[in-house]
Amino acid sequence: MASLLLNVNGDQLEVTAPDHWTLLEVLRYRLGLTGSKQGCDKGDCGACTVQIDGEPQLACLALATLCEGRAITTIEGLMPAHLRAGGKGPDPLQDAFDRCGALQCGFCQPGMLLSAKALLERSPDPSRDEIRHALAGNLCRCTGYTQIFQAVELAAAEAQGRAPTPPAWHPDGNPWMPACSKAPAKGESR
Amino acid sequence: MLRLPKTRVAKPTTVAQAVALLVEHGEVAMPIAGGTDLLPNMKHGLFEPEVLVALGGIKELQRFELQTDGTLILGAGVSLDRIAADERVQRTAPALAQAAGLVAGPQLRRMGTLGGNVMLDTRCQWYNQTHFWRQALGYCLKKDGTVCHVVAGGKKCVAAASNDTAPTLMTLQATLVFEGRSGRREVAIDDLWHTDGIHNKKLGTDEILVEVRVPPRATGHRGAYGKLRERGSIDYPMLGVAARLDVGRDGAVEGADLVLVALQARPVRVRRAAELLIGVPSSGDNFAEAVAAVAEAAYAQAHPMPNIPGDHEWRREMVPVYVARTLHAAATGTGPVHHV
Ligand SMILES: Cc1cc2nc3c(=O)[nH]c(=O)nc-3n(C[C@H](O)[C@H](O)[C@H](O)COP(=O)(O)OP(=O)(O)OC[C@H]3O[C@@H](n4cnc5c(N)ncnc54)[C@H](O)[C@@H]3O)c2cc1C
Ligand code: SF4
Ligand code: FES
Ligand code: FES
């Protein structure tokens, strides 16, 4: 048993865990951060993706003890970071996933979001191909990926201040709900 | 949920400390770099080291230089992601950059290192399974058992070398620098391999791979990597083809090399590639004819076995296809050869 000092979502946390525990186990079973999913638990699926020093990596194959001194971001950290930066509501990428219906069961979604978020940080207006490659290590058994790609494109377009490319099934314009931050106040109609 | 067996993690900050730890603990210690090969294997009960010597905190393993004479020095701890994205590697050793960029998926390439890729354990569909699964099967020669499920009655393990960068480093005539209890030694990567799938590397348990040195390439160096795999996004190779062509001023091939991986326990050089290609113009009908002859030679020499996933007869039919495509990609600078 060793005492570890971990930086998770901006908080310095002291946790006790044996050397053979993975970061995923510490997040889920010591810190109660169950947003990072335990899928295959051996590197195949990407459901456990977290950001380590800003880079999407697999928590199921990272030893927790080797993550000391590194900045860990989990899905639980996205919205608070957005609010701290003065934003409203969820992170715009989370909002875009919601508006595009970019999930069915949702199991892949925390990992998808952390991979996609890092992509938008290094490449704010990515091509469809760049998105596909950046998300190649995040498997989704439900959606068929199309809405996920569209959600990333929607978030990128709105961050650039332009309208998203209309999807093939709705060629006449933007079929998506307005962003949360633009949503009308209570009582107002959309 | 796959638990790791109990282990202790040591965090040396120099190669000397890491070697001392390996010497102190002997057989029960193993180095760990990115952990993307070793940790899944430990979760499957294939390795149970009492001590893991973590290499991630060692600065000496992060060297990444293109020297003025063209020698490329790659520390064993450099991530595959950095190698794939590096303009110097893409320009001067394209096959290596392409292979590194096709290992696993993006998260794994950020975690996985070049050293770990060279040192990758061999793979087999009867071996890379949970303990429960292997127990139900009755185990196999490579771990805990006495029979081979690939070669009936076989007394030698034929698990496949599956590391994508290894064949490219062989075509680049790379040297490996190891440090162990008796100091440093340099080994040509060609001489690293055994043909035994249980341990396919000639390596002491006290030795650490420090760096990979790629000697200066010929002026007209061209290279490419071709990879056949089930899902283009993540899977290990079902076949890997590394090609090198040195093209002279007159456009004729002056040097050539071709190495295949994911067939047997070590990467396999196609013996006749060089003799069939040398002196041939590197484009046009003559080149296409020579490439077709090399593809035939590769087909004759390559015998995929049912050791890794994918129908082995189909994998064999793909050998000439990928050899030809990869040689053309090398000649035209259009690699990698990959289906997505
Ligand atoms: C889903 C999945 C898909 C994958 N697909 C591919 C693929 O397509 N192609 C491929 O090649 N690999 C693949 N891999 C394996 C792996 O990600 C890479 O090979 C990676 O480069 C391994 O490097 P690492 O640093 O993580 O190695 P580790 O797991 O840390 O180490 C691997 C082995 O090398 C030893 N070792 C590590 N560094 C040194 C050193 N410096 N000196 C001496 N010994 C050392 C370790 O003791 C261990 O035995 C895949 C893995 C997963 C989980
Ligand atoms: S080749 Fe045979 S002995 Fe080797 S891992 Fe596969 S089944 Fe086991
Ligand atoms: S749970 Fe980590 S990759 Fe599947
Ligand atoms: S929504 Fe179910 S796995 Fe992606």
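Just so you know, the sequences run in chain order U and D. Okay, so the first sequence: first residue is 0 according to numbering that gives the first Met the number 0, each after it adds one. Okay, so the second sequence: first residue is 0 according to numbering that gives the first Met the number 0, each after it adds one. Just so you know, even glycine gets a beta-carbon here, dropped at the ideal spot from N, CA and C.
Distance from the CA of C39 of chain U to the CA of M0 of chain D, rounded to the nearest whole angstrom, comes to 7 Å. At a cut-off of 8 Å between beta-carbon atoms, G34 of chain D makes contact with chain U.
When the beta-carbon positions are compared, C104 of chain U and C47 of chain U stay at least 8 Å from each other. Shown here, V88 of chain D sits in a helix according to DSSP, grouped into three states. By the neighbour-count definition (other C-beta atoms within 10 Å, threshold 16), Q50 of chain U is a buried residue. One Cα belongs to R248 of chain D, the other to A272 of chain D, and the distance between them is close to 21 Å. Taken through DSSP and simplified to helix, strand or coil, R29 of chain U comes out as helix. By the Cβ neighbour-count rule, G182 of chain D is exposed, with fewer than 16 other Cβ atoms within 10 Å of its own. Bounds of the beta strand (DSSP E) holding N6 of chain U are 1–7. In chain order, A1, D18, H19, L62, T64, L65 make up the part of chain U whose C-beta sits under 9 Å from the C-beta of V8 of chain D. If you draw a straight line from the Cα of P166 of chain D to the Cα of A58 of chain U, it comes to about 30 Å. Interface residue (Cβ-Cβ distance to chain U less than 8 Å): I233 of chain D is classified as such. When Cβ-Cβ separations below 8 Å define contact, R109 of chain D makes contact with chain U. In the three-state reduction of the DSSP assignment, T64 of chain U falls in the helix class, which pools H, G and I. Shortest Cα-Cα distance from E24 of chain U to any of U:D10, U:T64, U:N8 involves U:T64. With a threshold of 7 Å, the Cβ atom of Q128 of chain D does not count as near ligand 4, since no heavy atom of the ligand is closer than that. The three-state reading of DSSP puts S180 of chain U in helix, counting H, G and I together.
Counting only unbroken stretches of 3 or more residues, no beta strand (DSSP E) element lies wholly within the segment 114–163 of chain U.
The Cβ atoms of L168 of chain D and I197 of chain D do not sit closer than 8 Å to each other.
Here Q159 of chain U has P123, D124 as same chain residues with Cβ atoms under 8 Å from its own Cβ, once five neighbours each way along the sequence are excluded. Take the alpha-carbon of F46 of chain D and the one of A155 of chain U: they are about 44 Å apart.
Contact residues of the segment 25–57 of chain D toward chain U are G34, T35, L38, P39, K42, A53, G55 (C-beta to C-beta distance below 7 Å).
Sorting D:G111, D:H43, D:V211, D:V258 by C-alpha distance to the C-alpha of G225 of chain D places D:V258 at the top. Within 10 angstroms of the beta-carbon of E206 of chain D lie 16 or more other beta-carbons, which makes it buried. Within chain U, the residues placing a beta-carbon under 8 Å from that of M0 of chain D are Q37, D40, ordered along the chain.
For the segment 119–149 of chain U, the set of positions with a beta-carbon nearer than 9 Å to some beta-carbon of chain D reads R131, H132, A133, L134, A135, G136, N137, L138 in chain order. Relative to Q108 of chain U, the option among U:K181, U:P17, U:E157, U:C44 whose CA is nearest is U:C44. The beta carbon of G104 of chain D sits closer than 8 Å to some beta carbon of chain U.
What G45 of chain U touches in chain D, judged by beta-carbon distance under 8 Å, is G104, Q106, going in chain order. About 35 Å separates the CB atoms of A241 of chain D and T145 of chain D; that is not less than 8 Å, and the two are not in contact. Comparing C-alpha distances from Q11 of chain U to each of U:I71, U:T145, U:R131, U:A101 shows the shortest one belongs to U:I71.
Ranked by Cα distance from G203 of chain D, the options D:V18, D:T12, D:V8 are led by D:V18. Around the CB of P177 of chain U, fewer than 16 other CB atoms lie within 10 Å, so the residue is classed as exposed. Taking a beta-carbon distance threshold of 8 Å, P319 of chain D does not count as an interface residue toward chain U. Only buried fits K36 of chain U, as 16 or more other CB atoms lie within 10 angstroms of its CB.
P11 of chain D and T21 of chain U have their C-alpha atoms roughly 19 Å apart.
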